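To start, the structure itself, in structure tokens.
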Amino acid sequence: MRTRFTEAFGVEHPIVQGGMMWVGRAELVAAVANSGALGFITALTQPTPEDLVKEIARCRDLTDKPFGVNLTILPSITPPPYAEYRQAIVESGITIVETAGSNPVDHLPHFKDAGVKVIHKCTSVRHAIKAERTGVDAVSIDGFECAGHPGEDDVPGLVLIPAATAQLRIPVIASGGIADARGLVAALALGAEGVNMGTRFMCTQESPVADEVKRQIVANSELDTKLIFRTLRNTARVATNAVSREVVDIEARGNATFEDIRELVAGARGRKVFEDGDLDAGIWTAGQCQGLIDDVPTVGEMVSRMVAEAEEIIARRLASITGATR
Ligand SMILES: Cc1cc2nc3c(=O)[nH]c(=O)nc-3n(C[C@H](O)[C@H](O)[C@H](O)COP(=O)(O)O)c2cc1C
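Residue numbers (this note's numbering): 220 to 545.
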């Protein structure tokens, strides 16, 4: 499957593994690269820029295919040293970066000067247009279905992706709610040049999260997510559990401030879920596409199955509908 995205970024398949806090580590990213898709190490999962340099080197030991680094830029009272992480990325010779969160405008000239291609992940057409004007090479657009931050507009991918591709010239990667070949073919039909997935990649053999989490994703349906931080206008879609239910309840009472939920949503607690498999230790990110996931394959099996089935859907099911022969 060749698209403008595979051509521009030098990858075999139009499939991307987006940055994932605590999950986007060398083992997973190298497996994604070896499968012919494009994976991103999550910069901020590494406690310091020096640790990121080591993680990139570790990934290079595991693959000789291209991979990138995700830099998530979120507003914070004590922001991480973004410029130093950026420098670590550039000096490590990384050539593809996924930015997310805020507008990447401060970082873009530095990446461009170093010949780094940037995919900016956003959640609205207006932000995608702004990113294109700023000079990014592609955008990933997350629909409302997605794991993590879907924004505040609540527009699902079925509308958001064609609305975006109608207005953008750079390649658009459809993100959110995609977990198999059907989603890939649908995204291509909507005008996207590829797909970005989080939850599906988290539920693979090489994903560095506890087996209990993977089993829970398989057991969960499309109904098993909660939207937290709605009242703070910083919505996040996370898996349903005792903690996310409690956060939603507190927010529903009205007048909740971040202080009222700070302890419940602490990053260290979420990390415990992934590391210890204690599913109610904190909040953990997962999307509605949990309802489409019913196994824990290796990354290689999952990607090659997705590509083979997508080709099959296009060549047989769709061709038979139009009466075209193979
Ligand atoms: C566990 C987890 C952690 C995530 N952390 C980040 C992150 O730190 N930065 C980011 O840009 N996106 C993050 N995401 C979002 C994914 O990169 C991707 O956009 C999203 O998962 C797509 O939706 P899907 O899960 O329905 O495929 C995370 C997703 C998951 C599942």
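The beta-carbon is built from N, C-alpha and C at its ideal position, and this holds for glycine as well.
All figures in this text were calculated on a predicted structure; none of them were measured in a lab.
Count the other C-beta atoms from every protein chain shown that fall within 10 angstroms of the C-beta of Ser474, then say buried if there are 16 or more, exposed otherwise.
Reading off the sequence shown, one finds Asn at residue 474, where the question assumed Ser. Per the 10 Å Cβ criterion, exposed.
Neighbourhood of Phe493 by C-beta distance below 8 Å, restricted to the same chain and skipping five residues each side:
Trp241, Val242, Pro427, Val428, Ala429, Val432 and Trp503
Do the stretch 499-516 and the stretch 450-462 touch if we need at least three Cβ pairs shorter than 8 Å?
yes
Tell me, to the nearest whole angstrom, how far the beta carbon of Glu364 is from that of Gln507; I am working on the premise that it is less than 8 Å.
Between Gln507 and Glu364 the Cβ distance is about 5 Å, and since that is below 8 Å, they are a contact.
Is it right to say Arg388 is buried, meaning 16 or more other beta carbons lie within 10 angstroms of its own, or is it exposed?
exposed
What residue from Glu246, Ala411, Arg419 and Arg244 has the CA that sits closest to Ile512's CA?
Among Glu246, Ala411, Arg419 and Arg244, the Cα nearest to that of Ile512 belongs to Arg419.
Under the three-state reduction of DSSP, which class applies to Leu387: helix, strand or coil?
coil
Please report the residue range of the alpha helix (DSSP H) in which Met525 lies.
Val518 to Glu531
Here's a check: name, in chain order, each residue in its chain whose Cβ is nearer than 7 Å to the Cβ of Ile533, leaving out the five neighbours to either side.
Answer for Ile533: Val404, listed in chain order.
Do three or more CB pairs link the stretch 437-446 to the stretch 256-267 at distances below 8 Å?
no
Report yes if the C-beta of Lys340 is less than 7 Å from at least one heavy atom of ligand 1; otherwise report no.
yes
I'd like the list of long-range same chain contacts for Ile313, defined as Cβ closer than 7 Å, with 5 residues on each side in sequence excluded.
Ile275, Gly287, Val288 and Val335
For Arg244, count the other beta carbons within 10 Å of its own beta carbon; 16 or more makes it buried, fewer makes it exposed. Which is it?
buried
Does the pairing of the stretch 322-332 with the stretch 351-360 give three or more beta-carbon distances under 8 Å?
yes
Could you give the distance in angstroms between the alpha-carbon of Pro285 and the alpha-carbon of Phe228?
For the pair Pro285 and Phe228, the Cα-to-Cα distance works out to about 9 Å.
Ala319 CB to nearest heavy atom of ligand 1 below 7 Å
yes
Under the three-state reduction of DSSP, which class applies to Lys433: helix, strand or coil?
helix
Pull the bridge partners of Gly362 from the DSSP assignment, please.
Note: Gly362 is not bridge-paired with any residue in the DSSP secondary-structure output.
Sequence-distant residues of the same chain with beta carbon closer than 6 Å to Arg488, five excluded per side
Ala500 and Gly501
Is the beta carbon of Thr423 closer than 8 Å to that of Val316?
no
heavy atom of ligand 1 below 7 Å from Gly395 C-beta:
yes
Rounded to the nearest angstrom, what separates Glu269 and Arg472 at their Cα positions?
43 Å
Whole-number beta carbon distance between Val235 and Ile392, since they are thought to touch under 8 Å:
6 Å
Using 8 Å as the threshold, is the C-beta distance between Leu271 and Glu425 below it?
Contact flag unset, no.
Taking Ile380 and Ala400 to be in contact with their CB atoms under 8 Å, please state how far apart those CB atoms are, rounded to whole angstroms.
17 Å between Cβ atoms; not a contact.
Across which residues does DSSP place Arg244 in a beta bridge pair?
In the DSSP assignment, Arg244 is bridged to no other residue.
Which ranges would you report for the beta strand (DSSP E) in the stretch 253-315 if only whole runs of at least 3 residues count?
257-261 and 287-292
Quick one: is Leu290 buried, meaning 16 or more other Cβ sit within 10 Å of its Cβ, or exposed?
Label assigned to Leu290: buried.
Taking 7 Å as the line, does the beta carbon of Val242 fall inside it for any heavy atom of ligand 1?
yes
Counting along the chain, where does the alpha helix (DSSP H) carrying Thr207 start and finish?
There is simply no residue 207 to check, as the chain begins at 220 and stops at 545 in what is shown.
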